[in-house]
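One structure below.
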């Protein structure tokens with residue numbers, strides 16, 4: 006046979022990773038974001054490939070301590086490296102007041118984490134993580150807008166009240182006899 010059972014399992018894990026990454030990428034494509042199906046499919050599959058490669062080193066399965074250290078190294082290496090990729094999509098406006106791309110960077114990072122989970126074949130966690138990722142990307146934005154509009158109204162009310170309070174304090178400051186300001190006494 007051309008492929009061993011282990012090879013077929015690896016192919017299925019890589020395929021699952023690509024499909025999961027592309028599924029998350031659909032949301033990003035629909036919202037016109039810089040990372041989409043191809044990018045996130047590759048990120049997820051790449052994390053799986055790196056993880057599988059390290060886990061398939063000859064003799065590692067016979068040494069649980071070595072396997073544990075390899076898994077820790079994979080987690081550190083992939084997630085740190087993908088953090089740099091994610092940082093490349095984060096932009097700050099020249100005034101420094103707004104940052105753009107944080108959700109995209111977080112999506113790249115979580116997609117890599119899902120790729121590692123695909124390599125480890127933790128299917129319940131993979132599907133829960135993918136579901137939660139799509140849920141967050143799809144449903145939280147409208148909730149965020151609602152909270153921002155409520156907070157914005159409260160900020161405006163607060164600013165109005167703060168302005169009135171400040172005006173009252175300033176008008177209460179009447180010069181004392183002799184030209185001294187009451188507030189300075």
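Numbering (the working numbering), first residue to last: 6 to 190.
Glycine included, C-beta positions come from ideal geometry on N, C-alpha and C.
Note that the structure is a prediction, hence the values are computed from the model and not measured.
{"Item": "Selection from 113, 18, 148, 140 that minimises the alpha carbon distance to residue 58", "Value": "18"}
{"Item": "C-beta contact flag for residue 40 and residue 83 at 8 Å", "Value": "no"}
{"Item": "Beta-ladder partner(s) of residue 129, from DSSP", "Value": "In the DSSP output, where bridge partners are listed per residue, residue 129 has none listed."}
{"Item": "Whole alpha helix (DSSP H) elements within the region 61 to 137, 4-residue minimum", "Value": "69 to 92, 107 to 124"}
{"Item": "Coil, strand or helix - residue 38 by DSSP", "Value": "coil"}
{"Item": "Proximity of residue 106 and residue 119 at Cβ, strictly below 8 Å", "Value": "no"}
{"Item": "Cβ-Cβ distance between residue 71 and residue 79 below 8 Å", "Value": "no"}
{"Item": "Proximity of residue 33 and residue 45 at Cβ, strictly below 8 Å", "Value": "yes"}
{"Item": "Other residues of its chain near residue 43: CB distance less than 8 Å, five sequence neighbours each side excluded", "Value": "27, 30"}
{"Item": "Residue 9 - DSSP class collapsed to helix/strand/coil", "Value": "coil"}
{"Item": "8 Å Cβ cutoff met for residue 110 and residue 91", "Value": "yes"}
{"Item": "C-beta atoms of residue 87 and residue 124 nearer than 8 Å", "Value": "no"}
{"Item": "Selection from 145, 35, 54, 37 that minimises the alpha carbon distance to residue 12", "Value": "54"}
{"Item": "Neighbour flag for residue 134 against chain E, beta carbons, 8 Å", "Value": "Here there is only one protein chain, and chain E is not present."}
{"Item": "Residue environment, residue 23, which counts as buried when at least 16 other CB atoms sit within 10 Å", "Value": "buried"}
{"Item": "Buried versus exposed, by CB contacts within 10 Å (16 or more), residue 142", "Value": "buried"}
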